[in-house]
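There are 2 protein chains.
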Amino acid sequence: MDPCHEHEHCIDEALRQGEEICRSSGQRFTDIRRKVLQLVWRSHKPAKAYDILEQLAEDETGAAKPPTVYRALEFLQDNGLVHRLSSLNAFIGCTHPGKQHQCYFLICRICGDVSECCSSALTRSLQNAAAQSGFTVESSCVEISGRCSRCSENPA
Amino acid sequence: MDPCHEHEHCIDEALRQGEEICRSSGQRFTDIRRKVLQLVWRSHKPAKAYDILEQLAEDETGAAKPPTVYRALEFLQDNGLVHRLSSLNAFIGCTHPGKQHQCYFLICRICGDVSECCSSALTRSLQNAAAQSGFTVESSCVEISGRCSRCSENPA
DNA sequence: TGAAAAGATGTTATAACATAACATCTTCGC
DNA sequence: GCGAAGATGTTATGTTATAACATCTTTTCA
Numbered sequence: 192m193d194p195c196h197e198h199e200h201c202i203d204e205a206l207r208q209g210e211e212i213c214r215s216s217g218q219r220f221t222d223i224r225r226k227v228l229q230l231v232w233r234s235h236k237p238a239k240a241y242d243i244l245e246q247l248a249e250d251e252t253g254a255a256k257p258p259t260v261y262r263a264l265e266f267l268q269d270n271g272l273v274h275r276l277s278s279l280n281a282f283i284g285c286t287h288p289g290k291q292h293q294c295y296f297l298i299c300r301i302c303g304d305v306s307e308c309c310s311s312a313l314t315r316s317l318q319n320a321a322a323q324s325g326f327t328v329e330s331s332c333v334e335i336s337g338r339c340s341r342c343s344e345n346p347a
Numbered sequence: 192m193d194p195c196h197e198h199e200h201c202i203d204e205a206l207r208q209g210e211e212i213c214r215s216s217g218q219r220f221t222d223i224r225r226k227v228l229q230l231v232w233r234s235h236k237p238a239k240a241y242d243i244l245e246q247l248a249e250d251e252t253g254a255a256k257p258p259t260v261y262r263a264l265e266f267l268q269d270n271g272l273v274h275r276l277s278s279l280n281a282f283i284g285c286t287h288p289g290k291q292h293q294c295y296f297l298i299c300r301i302c303g304d305v306s307e308c309c310s311s312a313l314t315r316s317l318q319n320a321a322a323q324s325g326f327t328v329e330s331s332c333v334e335i336s337g338r339c340s341r342c343s344e345n346p347a
């Protein structure tokens, strides 16, 4: 149900990039980090920390506990491999890690899919709007909820 | 420490608007709703639900419980009197309730003050960016973190 | 190589945020 | 006053997240 034809490819690519980013920055892409990244990438829907936790438990001999998952998620966030969606308390794989980017998210209320987008025009608008108040932007959280194109075509 | 000269005025104005909005829509501006709105408006910093709860307890004979506060906050949100900042799990008084608006928030990382802004240019950029993906915007959450003008002038 | 340091994970407990479900009380229209 | 609707009280629990400290693993480098 994902918009990509072969979702396996997304996952493989994400793992490859995780590996690459860690290698080049001298960090460890440990087993747990890899598994959490893989679980976040299960679909293009946001993954909840406690769901990841459950899914980890299915694989592992000893059930993982919350800090394990949150630590892995934090690591992945710090390295730009996943994003946190604060309006959903959930996490989503980053589609272009490594590249510096201010991004925004389109969250479909119907199918739940999230897509990450970049728009320099939007980034500029944001900067401008902030600048008008003399405000200096450091980071931003832009989460848009609505209907994705497929769900608009096939109304429920 | 608020950017307004007489913050009492902000509070009074907010309460007046609460009253007005309820009156014109046939809803009740009950004591609890009024008190919660007042507490949210204590400052221009975001108010946390459990802090409001504590502050209510100081006034009240019987300590309020979480649902009381969350219900009041939900009511106030539904009526456009407060906004929820999902990146902070907190609430902030709306500076221009009643008027239809897509707004965004400037959150100062230094002093904690939040200001609500509207920018039709930003709204348009957002719509455009979404439209490029065939996405229909229903609601949006735009929370910008950084340094407000005063905190930029007086760097810590 | 092997001991110290750094980094990662395990473990326990609890903090922080939020809501479901049902009981009771208050207000309003008639 | 009485019934309906709306608001609040109450109990319990669900959900999300982190602090603090113990242990294990990897790296470093003498």
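Keeping their order, the protein sequence lines are chains A and B. All residue numbers for the first sequence refer to this note's numbering, where the first residue is 192 and numbers rise by one. All residue numbers for the second sequence refer to this note's numbering, where the first residue is 192 and numbers rise by one. Beta carbons are placed, not taken as given, at the ideal position from N, Cα and C, and that holds for glycine. Because the structure is a prediction, the values reported are computed rather than measured.
Sequence-ordered contacts of the stretch 317-340 of chain A with chain B read L317, N319, A320, A321, Q323, S324, G325, F326, T327, V328, E329, S330, S331, C332, V333, E334, I335, S336, G337, R338, C339 and S340 [C-beta pairs closer than 9 Å]. The beta carbon of A:C308 sits closer than 8 Å to some beta carbon of chain B. Under the 10 Å beta carbon count, A:K226 is surrounded by 16 or more other beta carbons and is classified as buried. Under the 8 Å criterion on CB atoms, A:S215 is classed as non-interfacial with respect to chain B. One Cα belongs to B:S311, the other to A:N319, and the distance between them is close to 12 Å. Secondary structure of A:L244 (DSSP, three-state): helix. If you compare the alpha carbons of B:F296, B:R262 and B:T286 with that of B:E204, the shortest gap goes to B:T286. For B:S336, the uninterrupted beta strand (DSSP E) run begins and ends at T327 to R338, by DSSP.
Excluding five sequence positions before and after A:W232, the CB atoms of its chain that fall closer than 7 Å to its own CB belong to C201, I202, A205 and G284, given in chain order. Here the C-alpha atom of B:P237 lies approximately 29 Å from the C-alpha atom of A:G303. One Cα belongs to B:V305, the other to B:V333, and the distance between them is close to 12 Å. Counting every other CB atom within 10 Å of its CB across the protein chains shown gives B:S316 a total of 16 or more, marking it as buried. Annotation: A:A240 has no Cβ neighbours in chain B at a cutoff of 9 Å; minimum Cβ distance is about 15 Å. Straight through space, the alpha carbons of A:Y241 and A:T259 are spaced by roughly 11 Å. For A:L313, the enclosing alpha helix (DSSP H) stretches over residues S311 to A322. Against B:Y261, chain A offers no close residue; the least beta-carbon distance is about 16 Å (beta-carbon pairs closer than 7 Å).
For B:L297, the C-beta contacts it makes with chain A under 9 Å involve A320, A321, S324, F326 and V328, in order along the chain. In this structure, the alpha-carbon of A:A254 lies about 8 Å from that of A:E245.
A:G209 carries a helical assignment under DSSP once its states are collapsed to helix, strand and coil. Secondary structure in the stretch 256-301 of chain A: the alpha helix (DSSP H) runs of 4 residues or longer, each lying completely within the stretch, are 257-269 in chain order. Contact between the stretch 261-269 of chain A and the stretch 217-224 of chain A is present: three or more C-beta pairs spanning the two stretches fall below 8 Å. Rounded to whole angstroms, the separation of the alpha carbons of A:E210 and A:C294 is 22 Å. Listed in chain order, the non-local C-beta contacts of B:Q229 below 7 Å within the same chain comprise I202 and L206, local neighbours out to five positions each way being set aside. The beta carbon of A:F296 lies closer than 8 Å to those of H274, L276, I283, V305, S306, E307, C308, V333, E334 and I335 in the same chain, with the five residues before and after it left out. Within chain A, the C-beta atoms nearer than 9 Å to that of B:S343 come from G325, F326 and T327, in chain order. In the three-state scheme derived from DSSP, where H, G and I count as helix and E and B as strand, A:S234 is classed as coil.
Here DSSP, grouped into helix, strand and coil, assigns A:E307 to strand.
Taking the Cα of B:C213 as reference, the smallest distance to any Cα among B:P288, B:H235 and B:I243 is reached at B:P288. The beta carbon of A:E249 is closer than 6 Å to none in its chain, skipping five residues each way along the sequence.
Taking the CA atoms as reference points, B:I301 sits about 45 Å from A:H196. With respect to chain B, the C-beta atom of A:A312 has a partner C-beta closer than 8 Å.
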